[in-house]
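See below for the structure under consideration.
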Amino acid sequence: MRIRIVDAFTDRPFAGNPAGVMLLDEFPSAEWMQRVAAEVHLSETAFAHPLSGDGEADYALRWFTPAVEVALCGHATLATAHVLGRAGTVRFATLSGVLTATGDGSGAYTLDFPTAPLTPSEAPDGLAGVLGAEMLSVHHTGPNTDDLLIELKSEEAVRDLAPDLSALARMERRGVIVTAAAAEPDAGYDFVSRFFGAAAGVGEDPVTGSAHTALTPFWSARLGGRTTMTGYQASPRGGYVRVELRGDRTRLTGSAVTVMDGDFLA
Numbered sequence: 116m117r118i119r120i121v122d123a124f125t126d127r128p129f130a131g132n133p134a135g136v137m138l139l140d141e142f143p144s145a146e147w148m149q150r151v152a153a154e155v156h157l158s159e160t161a162f163a164h165p166l167s168g169d170g171e172a173d174y175a176l177r178w179f180t181p182a183v184e185v186a187l188c189g190h191a192t193l194a195t196a197h198v199l200g201r202a203g204t205v206r207f208a209t210l211s212g213v214l215t216a217t218g219d220g221s222g223a224y225t226l227d228f229p230t231a232p233l234t235p236s237e238a239p240d241g242l243a244g245v246l247g248a249e250m251l252s253v254h255h256t257g258p259n260t261d262d263l264l265i266e267l268k269s270e271e272a273v274r275d276l277a278p279d280l281s282a283l284a285r286m287e288r289r290g291v292i293v294t295a296a297a298a299e300p301d302a303g304y305d306f307v308s309r310f311f312g313a314a315a316g317v318g319e320d321p322v323t324g325s326a327h328t329a330l331t332p333f334w335s336a337r338l339g340g341r342t343t344m345t346g347y348q349a350s351p352r353g354g355y356v357r358v359e360l361r362g363d364r365t366r367l368t369g370s371a372v373t374v375m376d377g378d379f380l381a
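Rendered as C-alpha cells:
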C-alpha cells in the first residue's frame, strides 16, 4: 500500500500542516487505520477509497489523529485532494456529510465545509490559568468540531501563549482555538489563531482547517460583516487559510506540497 505525506495550507515544504494520505480499495478495520495513524504520528492521517455508481460522492474519506477518529479535518482533506490531483471538483462522503474540494489549476484547492455554529460559553474552571492569558470571550463550536474558541487581547498574546498541554488534555473538548485580530492592517492577514488539540492526541496543530469554520463567522461579525478574509495560524510551522463565509457553508482555500511518497508495509 502506498502512503504520501503532504504539507497542507502551504506552497513550500516543511511549512503548513503535514498529513498522511492513503488511497485504498475499501476501508479496512477502524482499529487498523487507528494503528496506522499512530505509527505515522502526524496530527491526522486520511484514508479514502473510491465510491462506485452515480451517488452523491466520489470518495469515502475518514481522518484519524494518533489517538482518535475525528468528524472533520480540513488540512487532511486538502492533502487528499492534492494527492488525487483531479481537475474540477471531487466530492467526499464523510462523518460531516458530503464535502467538496475544487482545484483552480494553480495547485490551490477550495474546500466547502459546514460553518460551525458559535454559542457563547462559560470558560471551564481554571482555564485562564491553564492558558496563562486573559480571555476576552469564550464560544463553543459544534457539532462537528466541539472546540472552545477563545478571543485573546492581542496578536502578541496569541503568539506568546504557552498553555499547560497536560491540563488541556483532560478537557472534555476536541480542542481549544485561541485567536486575535491582526496587529497591523497591512499584515497580509486579518486574524491570527492557534489550535491545541491535546484531548485528541494533538498537542499543537500547525494549521487547522476545521477551526476556520468557526473563526470565519467569528471574525466576519467583528470585521464589519466581511465575508472574505485571510487567517494566519501562528504555530511554529505557520500557514495561511483564505476563507469565505457563505451562510451555513464556509470555503477554505490553500495549497499543498507532497514531501514523501512510499510504501506502507505493515
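Residues 116 to 381, numbered by the working numbering, are exactly what the sequence shown covers, in order. By construction, the Cβ of each residue, glycine as well, lies at the ideal position given by its N, Cα and C atoms.
Does the distance from the C-beta atom of residue i to that of residue j stay below 8 Å?
i	j	result
Ala-161	Leu-176	yes
Val-356	Gly-346	yes
Asp-363	Thr-230	yes
Ala-134	Leu-157	yes
Val-317	Ile-120	no
Ala-248	Leu-267	yes
Val-293	Asp-262	no
Met-137	Ile-118	yes
Ala-123	Ala-172	no
Ala-313	Leu-280	yes
Phe-179	Ala-152	yes
Ser-221	Asn-259	no
Gln-348	Arg-288	no
Trp-325	Leu-187	Reading off the sequence shown, one finds Ser at residue 325, where the question assumed Trp. Yes, the pair counts as a contact, with Cβ atoms nearer than the cut-off.
Ser-370	Ala-223	yes
Val-245	Ala-282	yes
Leu-194	Gly-218	A small correction: the amino acid at residue 194 is Ala; Leu does not occupy that position in the sequence shown. No, they are not a contact pair.
Met-286	Pro-235	no
Phe-85	Leu-264	Residue 85 is absent from the model: the chain starts at 116 and stops at 381.
Val-253	Glu-237	yes
Taking residue i as part of the beta strand (DSSP E), name the residues at either end of that continuous run.
i	result
Leu-380	Note, Leu-380: premise wrong, no beta strand (DSSP E); not H, not E.
Met-250	250-256
Thr-209	204-209
Val-136	132-138
Ala-284	Per DSSP, Ala-284 belongs to no beta strand (DSSP E) and is neither H nor E.
Ala-295	290-296
If I follow the unbroken alpha helix (DSSP H) through residue i, where does it start and stop?
i	result
Thr-192	189-199
Ser-308	Taken as a continuous stretch (DSSP letters only), Ser-308 belongs to no alpha helix (DSSP H), being part of the beta strand (DSSP E) at 306-312.
Arg-274	270-275
Val-151	145-155
Which residues does DSSP list as the beta-bridge partners of residue i?
i	result
Ala-161	Val-136 and Trp-178
Arg-357	Thr-345 and Thr-368
Glu-319	Phe-311
Leu-373	A small fix is needed here, since residue 373 is Thr in this sequence, not Leu. Val-121, per the DSSP bridge assignment.
Leu-267	Met-250
Glu-184	Phe-179
Asp-262	Gly-290
Just checking my contact of residue i with residue j at CB under 8 Å: how many whole Å lie between their CB atoms?
i	j	result
Pro-351	Phe-311	Actually they do not touch by this definition, with Cβ atoms about 13 Å apart.
Thr-204	Ala-191	At roughly 18 Å, the Cβ-Cβ gap does not stay under 8 Å, so Thr-204 and Ala-191 are not in contact.
Gly-131	Val-322	5 Å
Gly-189	Leu-233	Incorrect: roughly 17 Å between the Cβ atoms, too far for contact.
Val-307	Asp-126	Contact doesn't hold; Cβ gap of about 19 Å is too wide.
Thr-415	Thr-365	The question about residue 415 has no answer, for the chain in this structure spans 116 to 381.
Glu-146	Val-185	About 16 Å separates the two Cβ atoms, so there is no contact after all.
Phe-228	Thr-328	5 Å
Asp-305	Met-116	Rounded, the Cβ-Cβ distance is 41 Å, inconsistent with contact.
Arg-206	Val-213	6 Å
Would residue i count as contacting chain C if we go by Cβ distances under 8 Å?
i	result
Glu-159	Given the protein chain composition of this structure (a single chain), no chain C is represented.
Is residue i near the ligand HEM, with its Cβ less than 7 Å from a heavy atom?
i	result
Met-148	What this structure holds is no ligand at all, so the ligand HEM is not there to describe.
*Residue ranges of each beta strand (DSSP E) run of no fewer than 3 residues wholly in the segment 213-246, ordered along the chain?*
Fully contained in the segment 213-246 are the following beta strand (DSSP E) runs of length 3 or more, in chain order: 223-229 and 233-235.
*Counting only runs of 4+ residues fully inside the segment 321-353, write out the alpha helix (DSSP H) ranges in chain order.*
Secondary structure remark: continuous alpha helix (DSSP H) runs of at least 4 residues inside the segment 321-353, in chain order: 327-337.
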